[in-house]
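*Asks:* Right, I'll just put the structure down here and ask away after.
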Amino acid sequence: MDQLSIVKLAGNTVLPLAYVVTAALLVVAGYFLALKTQTSMLFCKDGKFKQFLIENVPVVNEKYLPSIWGFNGYTHTVLATLFRNMIIPTVVYEREILTLSDGGEIAIDWRYPKSDGPQSLITIVILTGITGDSQAEYIRETVNKLFEKGYCCVVFNYRGRGGVKLKTARTYSATNIEDLTEALKHVKSKRPNSPIAGIGFSMGGTLLGTFLMSREQAENKHLVTGILISVP
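Under the working numbering, residues 471 to 702 are what the sequence shown spells out, in order.
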């Protein structure tokens, strides 16, 4: 007969190991639920747009509870990178090499819409994180989802990224919008009748936010809107 695993406590009290493990798991679960359950925070100026978000975007009214195996941003980053690289297919782009005003070069990767629906008229420019390029797993996932919806996608690869060698003694910065400005002007020249939106991840979100606040954007309205994701 199998012996029941036991744990001996102070004095003569003896408990089956299963009871101890169960109690420990309950304590951890209670702690997790108490500290990790959060209500989404919406930062938006009072007005019609904020009310629109409240009424039409369910996530702003929901409580967020991360999975136990991905309970914080660090585990999300590590696990997502490992698993998404394995399951998300490589995206086939049409690449352009854009020569910049100072002689530098960047890669602009296009994925044109597969149909002529209303979304195909909209162009979405995607900015990667600090070490990303158009084949980073989170960029591939984003492009695939937008492509399924019918949008035209453009990935802006920074200098020296995406397999393009540096041609000048200059790289890129989250606060310098010169390369992005030239890239957006080029995109607009290719699709002059298309509204252009921007999506920026991490450092790309910082760069996009910097651009949206710039005089260049205020005077020329290159972008109709922007989404900043996981901005440091």
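Note that CB positions come from ideal geometry on N, CA and C, so glycine has one too.
(1) In whole angstroms, what separates the C-alpha of THR547 from that of ARG554?
(2) Who pairs with ALA667 in a beta bridge, going by DSSP?
(3) What residue range does the beta strand (DSSP E) around ASP579 cover?
(4) Which residue wins for smallest C-alpha separation from VAL634, given the options MET673, ILE567, HIS656, VAL498?
(5) The alpha helix (DSSP H) with VAL548 in it runs from where to where?
(6) Let me make sure I understand the geometry here. Which of HIS656, SER643, ASN663, LYS655 has the alpha-carbon closest to that of GLY679?
(7) So what's ILE567 in DSSP terms, helix, strand or just coil?
(8) What do you get for ALA493, buried or exposed, if any count of 16 or more other CB atoms within 10 angstroms of its CB means buried?
(9) Just the Cα atoms here: how many angstroms apart are ILE558 and PHE617?
(10) Taking the straight line between their C-alpha atoms, what separation do you get for ARG445 and THR612?
(11) Tell me the DSSP secondary structure of VAL657 in three-state form.
(12) To which residues does DSSP link TYR534 through a beta bridge?
(13) Within 10 angstroms of the Cβ of ILE592, are there 16 or more other Cβ atoms? Answer buried if so, exposed if not.
(14) Could you tell me the distance, in whole angstroms, from the CA atom of LYS658 to the CA atom of VAL498?
(15) Using a C-beta cutoff of 7 Å, does PRO665 count as contacting chain C?
(16) By DSSP's criteria, VAL625 is part of a beta bridge. Which residues make up the other side?
*Replies:* This is what the structure holds:
(1) Counting from 1 along the sequence shown, the entry for residue 547 is found at position 77. Counting from 1 along the sequence shown, the entry for residue 554 is found at position 84. The alpha-carbon of THR547 is positioned some 10 Å away from that of ARG554.
(2) On the sequence shown, residue 667 is found 197 positions in, with the first residue counted as 1. Answer by DSSP bridge pairing, in chain order: ILE594, THR695.
(3) Position 109 of the sequence shown holds residue 579. In the DSSP assignment, ASP579 falls within the beta strand (DSSP E) that extends over 575-581.
(4) Walking along the sequence shown from the start, residue 634 turns up at place 164. Ranking the options by Cα distance to VAL634, first place goes to ILE567.
(5) Start at 1 with the first residue of the sequence shown, and residue 548 comes out as number 78. Looking at the DSSP string, the run of the alpha helix (DSSP H) that includes VAL548 is 543-557.
(6) Reading the sequence shown from its first residue, position 209 is the one you call residue 679. Per the Cα distances, SER643.
(7) Within the sequence shown, the letter at position 97 stands for residue 567. Here ILE567 carries a strand assignment [DSSP, helix/strand/coil].
(8) What you label residue 493 is simply residue 23 of the sequence shown in a count that begins at 1. By the neighbour-count rule (16 or more Cβ atoms within 10 Å), ALA493 is not buried but exposed.
(9) Numbered from 1 along the sequence shown, position 88 holds the residue referred to as residue 558. Numbered from 1 along the sequence shown, position 147 holds the residue referred to as residue 617. About 14 Å.
(10) No statement about residue 445 is possible, as the shown extent of the chain runs from 471 to 702 and does not include it.
(11) Locating residue 657 in the sequence shown gives position 187, counting from the first residue. Looking at VAL657 - three-state DSSP - the assignment turns out to be helix.
(12) Numbered from 1 along the sequence shown, position 64 holds the residue referred to as residue 534. The beta-bridge partner set that DSSP reports for TYR534 consists of GLN508.
(13) For the purposes of this step, residue 592 is identified with residue 122 of the sequence shown, where counting begins at 1. Counting C-beta atoms within 10 angstroms of its own C-beta, ILE592 has 16 or more neighbours from the protein chains shown and is therefore classed as buried.
(14) The sequence position of residue 658 within the sequence shown is 188, counting from 1. The sequence position of residue 498 within the sequence shown is 28, counting from 1. If I take the Cα positions, the gap works out to 53 Å.
(15) This model lacks chain C altogether; it includes just one protein chain.
(16) For the purposes of this step, residue 625 is taken as residue 155 along the sequence shown, with counting starting at 1. Per DSSP, ASP579, ILE596.
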